[in-house]
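As structure tokens, the structure follows; a few thoughts come after it.
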Amino acid sequence: MADHKLPLEDLRVIELGTLLAGPFTGRLLGDFGAEVIKVEPPGKSDPMRYWGKSKDGVGLWWPIQSRNKKSITLNLREEEGQEILKELIKEADIVIENFRPGTMEKWNLSYEILSEINPKLVMVRTSGFGQTGPYKHRAGFGSVGEAMGGLRNVTGFKDRPPSRIGVSVGDTLAALFAAIGCLVAIHEREQSGRGQVVDTALYESVFSIMESIIPDYLLSGYIRERMGNILPGVAPSNIYFTEDKTYIVIGANADGVFRRLCAAMEQPELAEDPRFATHDARGENMKLLDSMIEEWTKTLPAKEALAILEEKGVPSGLIYTAKDIMEDPHYEARDMIIYKEHPELGEFPMPGIVPKLSRTPGEVKHVGPEVMGKHNEEIYHELLGYDLETLKALEEKKII
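In the working numbering, the protein residues as written are 18 to 417.
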């Protein structure tokens with residue numbers, strides 16, 4: 018356990034919604050000490066409990082996504098459940114939701130209503146297209162955000178259809194921006210004493226990382242396309258096959274780094290070759306240069322090639338699988354694989370905390386709650402003061 022005060026432990030978060038973007042925001046806040054109370058409808062759990070691979074019937078994604086959180090059940094479709102949430106809101110700093118816009122309003126839980134109850138409340142709202150605009154009522158998963166944000170069009174190879182990246186990057190980006198917005202709003206609250214809405218759209222979160230595609234188009238008429246493993250006009254920056262049939266990544270496009278690559282290849286003369294001596298020249302002769310580098314990498318096993326490149330200070334690396342990550346001493350040294358006790362699976366591995374804080378680092382206290390409503394008594398009885406007889410009646414009516 019941490020021997021220091023966690024930086025967000027004075028914040029209480031009510032997490033509504035399911036699956037990825039909203040709950041990932043809650044995970045990020047929980048990693049740094051916020052008390053995150055996850056709300057699930059009674060009898061209908063967050064699908065994330067069962068998504069992905071499983072072991073002995075236990076989903077392997079849920080313990081990570083919901084780590085550090087408390088679980089309560091509450092039926093927000095019923096007026097009685099809505100009133101209970103309002104009682105919780107009085108005790109909260111932040112509420113996170115990722116329903117389709119209009120859902121909270123339909124349940125009489127709009128920000129206008131909730132902020133009357135708690136003027137300091139910060140409401141984090143994540144949706145496909147945001148709370149305003151002509152598309153606001155559209156359903157929007159991360160895949161749609163990736164497509165309409167521009168990412169899918171530049172992912173993959175030019176002669177093939179647009180590709181998915183391999184993880185739910187649209188949802189994760191939205192969660193990251195939502196967490197940033199939430200903390201900005203909390204900081205501003207220290208001056209104003211008032212909360213506000215943080216409106217995060219999936220497509221905008223993706224679009225915001227799309228570098229210069231808009232000025233590329235408007236000012237030079239260029240529409241960026243799928244380019245596979247290369248960066249147009251930037252070389253060398255690619256993957257290269259090795260003697261033991263492994264791909265490695267090499268990035269040596271800056272002049273000084275390219276000279277070091279040439280020395281590693283024992284071909285220092287290439288750094289002075291007019292075809293490769295400048296950034297622009299290397300971009301124009303990318304295919305030739307990449308083929309010459311791969312001629313060298315094919316003569317060496319991957320680890321030997323990487324050892325030479327590391328010695329010369331050339332950015333390079335293996336393309337890691339989960340197995341490679343687990344065997345890497347740097348991951349271990351940086352506490353990037355941590356283990357927490359799971360009641361059914363024992364020692365459960367998961368990613369460590371990012372980023373690292375020097376004085377008040379975050380902490381994973383426990384895996385995600387394995388039972389829905391595990392903390393009902395703690396929250397409803399101890400926090401809100403409901404007696405146990407009332408709780409039993411609410412359970413019988415399927416309000417909690």
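From the three backbone atoms N, C-alpha and C, an ideal C-beta is built for every residue, glycine too. None of these values were measured; they are calculated from a predicted model.
Measuring only the C-alpha atoms, how far is residue i from residue j?
{"i": "D176", "j": "R169", "result": "14 Å"}
{"i": "E286", "j": "D272", "result": "13 Å"}
{"i": "T42", "j": "K382", "result": "17 Å"}
{"i": "V56", "j": "T90", "result": "5 Å"}
{"i": "M389", "j": "L23", "result": "26 Å"}
{"i": "M227", "j": "E399", "result": "47 Å"}
{"i": "K443", "j": "S88", "result": "The chain is shown only over 18 to 417; residue 443 falls outside these bounds and no answer can be derived."}
{"i": "T316", "j": "M303", "result": "21 Å"}
{"i": "A294", "j": "V266", "result": "21 Å"}
{"i": "L37", "j": "I101", "result": "25 Å"}
{"i": "G363", "j": "L77", "result": "12 Å"}
{"i": "S225", "j": "M165", "result": "12 Å"}
{"i": "E97", "j": "H154", "result": "26 Å"}
{"i": "Q284", "j": "E260", "result": "19 Å"}
{"i": "Y356", "j": "R84", "result": "12 Å"}
{"i": "E387", "j": "F365", "result": "13 Å"}
{"i": "G162", "j": "M309", "result": "39 Å"}
{"i": "N246", "j": "S254", "result": "8 Å"}
{"i": "Q99", "j": "P64", "result": "22 Å"}
{"i": "Y152", "j": "S127", "result": "19 Å"}
{"i": "R206", "j": "E133", "result": "16 Å"}
{"i": "E289", "j": "Q208", "result": "58 Å"}
{"i": "F174", "j": "S375", "result": "41 Å"}
{"i": "L248", "j": "E95", "result": "53 Å"}
{"i": "M321", "j": "P232", "result": "Per the sequence shown, residue 321 should be read as Glu rather than Met. E321 and P232: Cα-Cα distance of roughly 42 Å."}
{"i": "S229", "j": "T143", "result": "25 Å"}
{"i": "I240", "j": "Y234", "result": "5 Å"}
Report yes if the CB atom of residue i is closer than 8 Å to the CB atom of residue j, and no otherwise.
{"i": "I106", "j": "N125", "result": "no"}
{"i": "K137", "j": "G183", "result": "no"}
{"i": "T314", "j": "F275", "result": "no"}
{"i": "G238", "j": "G300", "result": "no"}
{"i": "W68", "j": "G385", "result": "no"}
{"i": "G167", "j": "A218", "result": "no"}
{"i": "V223", "j": "G187", "result": "yes"}
{"i": "V141", "j": "A191", "result": "no"}
{"i": "P291", "j": "A298", "result": "yes"}
{"i": "L408", "j": "E394", "result": "yes"}
{"i": "G39", "j": "E108", "result": "no"}
{"i": "D345", "j": "G369", "result": "no"}
{"i": "L193", "j": "A252", "result": "no"}
Could you tell me which of the options sits nearest to residue i, measuring between CA atoms?
{"i": "M121", "options": "L33, V139 and K87", "result": "L33"}
{"i": "M367", "options": "S132, S375 and E380", "result": "E380"}
{"i": "I336", "options": "V56, A319 and I101", "result": "A319"}
{"i": "L45", "options": "A350, I81 and F146", "result": "I81"}
{"i": "A269", "options": "K262, I256, T263 and E260", "result": "I256"}
{"i": "D27", "options": "I111, A164, H296 and A252", "result": "I111"}
{"i": "E327", "options": "R277, R66, G157 and G369", "result": "R277"}
{"i": "I325", "options": "F365, C279 and M353", "result": "C279"}
{"i": "T361", "options": "K72, H154 and A156", "result": "Sequence check: residue 361 is Glu here, not Thr. Out of K72, H154 and A156, K72 has the C-alpha closest to the C-alpha of E361."}
{"i": "A350", "options": "V331, T338 and K373", "result": "K373"}
{"i": "I130", "options": "E321, I54, Y234 and E104", "result": "E104"}
{"i": "G150", "options": "V30, L401, G119 and E163", "result": "G119"}
{"i": "K391", "options": "M65, T35 and K86", "result": "K86"}
{"i": "H21", "options": "Y403, P378 and L405", "result": "P378"}
{"i": "N92", "options": "K70, K61 and R66", "result": "K61"}
{"i": "E311", "options": "Y264, I342 and H296", "result": "Y264"}
{"i": "G159", "options": "E406, T35, L236 and K70", "result": "T35"}
Taking its Cβ as the centre, do 16 or more other Cβ atoms sit within 10 Å of residue i, making it buried, or is it exposed?
{"i": "F116", "result": "buried"}
{"i": "H359", "result": "buried"}
{"i": "A51", "result": "buried"}
{"i": "F49", "result": "buried"}
{"i": "G210", "result": "exposed"}
{"i": "V371", "result": "exposed"}
{"i": "T338", "result": "exposed"}
{"i": "S185", "result": "buried"}
{"i": "Y403", "result": "buried"}
{"i": "R66", "result": "buried"}
{"i": "L25", "result": "buried"}
{"i": "A202", "result": "buried"}
List the whole-angstrom C-beta distance separating residue i from residue j, where the pair is believed to meet the contact cut-off of C-beta under 8 Å.
{"i": "E221", "j": "G147", "result": "7 Å"}
{"i": "C199", "j": "V214", "result": "The Cβ separation is near 11 Å, so there is no contact."}
{"i": "T172", "j": "P179", "result": "6 Å"}
{"i": "P59", "j": "I417", "result": "6 Å"}
{"i": "V30", "j": "I54", "result": "7 Å"}
{"i": "G334", "j": "L323", "result": "7 Å"}
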